[in-house]
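Student: Take a look at the following structure, please.
In this note's numbering, the protein residues as written are 36 to 299.
Below is the structure:
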């Protein structure tokens with residue numbers, strides 16, 4: 036293989052899947068798998084700055100510096116990676132715009148986004164031809180999303196997460212109640228049978244909160260439906276994004292479902 040063809044191969048086959056939350060950033064690299072699961076901080080140590088808060092990128096340059104520090108040295112010199120970013124459903128346009136700006140630090144050849152709920156569904160191997168409710172309980176943000184034919188049909192969010200369980204005034208009970216209330220609101224406002232059918236199927240549980248029985252037991256008690264935790268729920272979003280990355284490499288036409296180089 037000549038140097039020029041080697042450079043071309045690197046440009047075409049390297050990719051990164053990212054899940055950037057307010058507490059943790061996870062990255063999956065083509066051919067290497069999950070290589071990062073670290074705190075979302077601009078600089079480690081006592082002077083740590085958190086550029087993402089409650090599902091919002093408040094400091095895009097700081098996020099770019101974090102990605103540069105964590106990932107640039109892990110890529111071959113001439114690589115121009117395809118980057119897939121899992122993004123929140125609600126307020127997603129602002130997040131996608133800021134994320135798109137931040138990942139330019141890695142010199143991507145293309146940037147795709149996927150709603151976190153859909154990434155989780157892919158990671159779980161769910162049948163997306165049927166209505167599905169995905170509950171993603173993060174460290175500082177929780178979303179309840181109804182997917183129909185793989186697209187977002189309805190969504191709710193609350194600025195609560197597992198980190199808030201340390202607060203006596205919040206605790207697991209409040210998070211469980213908030214989740215149950217959001218789901219009940221979906222049921223009341225849906226004039227179709229989609230939410231009812233998805234509830235009967237059983238909501239998918241993901242995010243670190245799916246590992247907190249004090250949250251999930253309260254939720255199951257309120258909803259009276261089976262809950263289906265995703266295996267390794269805290270990494271489900273990045274694994275689902277990695278599936279899109281693999282598909283885009285294998286079948287480039289799939290990338291057209293997520294326009295490159297502009298927020299979705």
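Every residue gets a Cβ at the ideal spot worked out from N, C-alpha and C, and that includes glycine.
Provide the residue span of the alpha helix (DSSP H) that contains residue 98, from first to last.
Tutor: Counting from 1 along the chain shown, the entry for residue 98 is found at position 63. Element bounds for residue 98: 95-106.
Student: Is there contact between the segment 134-142 and the segment 153-161, where contact requires at least three CB pairs shorter than 8 Å?
Tutor: Counting Cβ pairs under 8 Å, fewer than three are found: no touch.
Student: Out of 206, 106, 230, state which residue places its alpha-carbon closest to the alpha-carbon of residue 49.
Tutor: In the chain shown, counting from the first residue as 1, residue 49 sits at position 14. The shortest C-alpha separation from residue 49 is found at 106.
Student: Whose CA, out of 99, 68, 191, lies closest to the CA of residue 76?
Tutor: What you label residue 76 is simply residue 41 of the chain shown in a count that begins at 1. When only C-alpha atoms are compared, the closest one is 99.
Student: Please look up how many angstroms separate the CB atoms of residue 245 and residue 154, rounded, as I've assumed it's under 8 Å.
Tutor: The residue you call residue 245 lines up with position 210 of the chain shown. The residue you call residue 154 lines up with position 119 of the chain shown. Actually they do not touch by this definition, with Cβ atoms about 15 Å apart.
Student: Can you name the residues that DSSP bridges to residue 145?
Tutor: For the purposes of this step, residue 145 is identified with residue 110 of the chain shown, where counting begins at 1. Looking at the DSSP assignment, residue 145 forms a beta bridge with 117.
Student: Within its chain, find whatever has a CB closer than 6 Å to the CB of residue 54; leave out the 5 residues flanking it on each side and keep chain order.
Tutor: Along the chain shown, one-based indexing puts residue 54 at 19. Closer than 6 Å at the Cβ level, and outside the excluded window around residue 54, lie 61, 121, 272, 273.
Student: Under 7 Å Cβ to Cβ from residue 253, same chain only, skipping five residues before and after it: list those, please.
Tutor: The residue labelled residue 253 in the question sits at position 218 within the chain shown. Closer than 7 Å at Cβ, skipping near neighbours: 207, 208, 211.
Student: Opposite residue 275 in the DSSP bridges: which residues?
Tutor: By one-based count along the chain shown, residue 275 stands at place 240. Answer is none; residue 275 lacks a bridge partner.
Student: I need the DSSP call for residue 297, collapsed to helix, strand or coil.
Tutor: Position 262 of the chain shown, counted from the start, is the residue given in the question as residue 297. The pLDDT assigned to residue 297 is 34, lower than 50, so where the model puts this residue is not dependable, and the model offers no usable value.
Student: Tell me residue 234's beta-bridge partners as DSSP assigns them.
Tutor: By one-based count along the chain shown, residue 234 stands at place 199. Its beta-bridge partners do not exist; DSSP assigns none.
Student: Which value, in whole angstroms, describes the spacing of the CA atoms of residue 118 and residue 64?
Tutor: Your numbering for residue 118 matches position 83 in the chain shown. Your numbering for residue 64 matches position 29 in the chain shown. If I take the Cα positions, the gap works out to 9 Å.
Student: Strictly by DSSP, which residues pair up with residue 181?
Tutor: Taking the chain shown and counting its residues from 1, one reaches residue 181 at position 146. Answer by DSSP bridge pairing, in chain order: 168, 189.
Student: Anyone know if the C-beta pair for residue 125 and residue 183 falls short of 7 Å?
Tutor: For the purposes of this step, residue 125 is identified with residue 90 of the chain shown, where counting begins at 1. For the purposes of this step, residue 183 is identified with residue 148 of the chain shown, where counting begins at 1. Not a contact, by the Cβ cut-off of 7 Å.
Student: Near residue 90, which residues of its chain fall below 6 Å by C-beta distance, leaving aside the five closest residues on each side in sequence?
Tutor: The sequence position of residue 90 within the chain shown is 55, counting from 1. Within the same chain, residue 90 has close Cβ partners 123, 176.
Student: So, is residue 243 buried or exposed, given that buried needs 16 or more other C-beta atoms within 10 angstroms?
Tutor: In the chain shown, residue 243 corresponds to position 208, counting from 1. It is buried - the Cβ of residue 243 has at least 16 other Cβ atoms within 10 Å.
Student: In angstroms with no decimal places, state the Cα-to-Cα distance between residue 264 and residue 80.
Tutor: Position 229 of the chain shown, counting from 1, holds the residue named residue 264. Position 45 of the chain shown, counting from 1, holds the residue named residue 80. Their Cα atoms are separated by approximately 33 Å.
Student: Distance check for residue 228 and residue 173, CA to CA, integer angstroms please.
Tutor: Stepping through the chain shown from its first residue, residue 173 is reached at position 138. Stepping through the chain shown from its first residue, residue 228 is reached at position 193. Approximately 28 Å, taken between the alpha carbons.
Student: Which partner residues of residue 60 appear in the DSSP bridge assignment?
Tutor: The residue given as residue 60 occupies position 25 in the chain shown. Residue 60 pairs with 55, 73.
Student: Would you report the Cα separation of residue 104 and residue 192, rounded to the nearest angstrom?
Tutor: Position 69 of the chain shown, counted from the start, is the residue given in the question as residue 104. Position 157 of the chain shown, counted from the start, is the residue given in the question as residue 192. Approximately 31 Å between the Cα atoms of the pair.
Student: With distances taken between CB atoms, is the gap from residue 147 to residue 215 smaller than 7 Å?
Tutor: Translated into positions along the chain shown, residue 147 becomes position 112. Translated into positions along the chain shown, residue 215 becomes position 180. The answer is no: Cβ separation not under 7 Å.
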